[in-house]
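What follows is a short report on a single structure.
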Amino acid sequence: MTALALILSAFVAAMGLLAIFFPGRADDVARLFADKTGLWVATAIRAVLALGLFAAAGESKAPILLRILGALILIVAAATLLLGLDRHRRMIDWWLARNRTIQIAWGAAAFALGVFLIYAII
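In short: position in the sequence shown from 1, add 730, done, that's our numbering.
Right under this line is the structure:
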């Protein structure tokens, strides 16, 4: 499970870089999650990342922080399903409507989070 958490953390960092350097491609990836299958895949990715963070926390450099982040990500995964497909689509549309500066800032935040998670887990 730790290896899976590392892979998903690298995915978070890669998506951050994609949003910074190739925003059109990042928007295309976001659109892939706009249907019912995308909703379930997004939820599964979040849930697996959260469980991976819980599993890796014991031997990590920041066990308490990884458990807190894991709990928050698991709550977001559950909320994604509870809010439903319509709100999920509206959140994606909202994101796609943001200007480039905001996308770069959030891309940088995603990259930093992914790199931190990798550092904390290894």
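We put the beta carbon where it would ideally sit given N, CA and C, even for glycine.
Between the region 822-841 and the region 774-786, are three or more C-beta pairs nearer than 8 Å?
-> With the cut-off at 8 Å, the region 822-841 and the region 774-786 do not touch.
Inter-residue Cα distance where the pair is A764 and D757 | About 11 Å.
Cβ atoms of L847 and S739: under 9 Å apart, would you say?
-> Closer than 9 Å, so yes.
Cβ-Cβ distance between I851 and S790 below 9 Å | When the beta-carbon positions are compared, I851 and S790 come within less than 9 Å of each other.
Would you check if the distance between the CB atom of V759 and the CB atom of L748 is smaller than 9 Å?
-> In this structure, V759 places its C-beta atom within 9 Å of the C-beta atom of L748.
Could you round the C-beta distance between P805 and L783 to whole angstroms and report it? I think they count as a contact, below 8 Å.
-> The question names Pro, but residue 805 in the sequence shown is Ile. Not quite, the Cβ-Cβ distance comes to about 13 Å (not below 8 Å), so this is no contact.
Are the Cβ atoms of A735 and A786 separated by less than 9 Å?
-> Contact annotation: A735 and A786 have beta-carbon atoms nearer than 9 Å.
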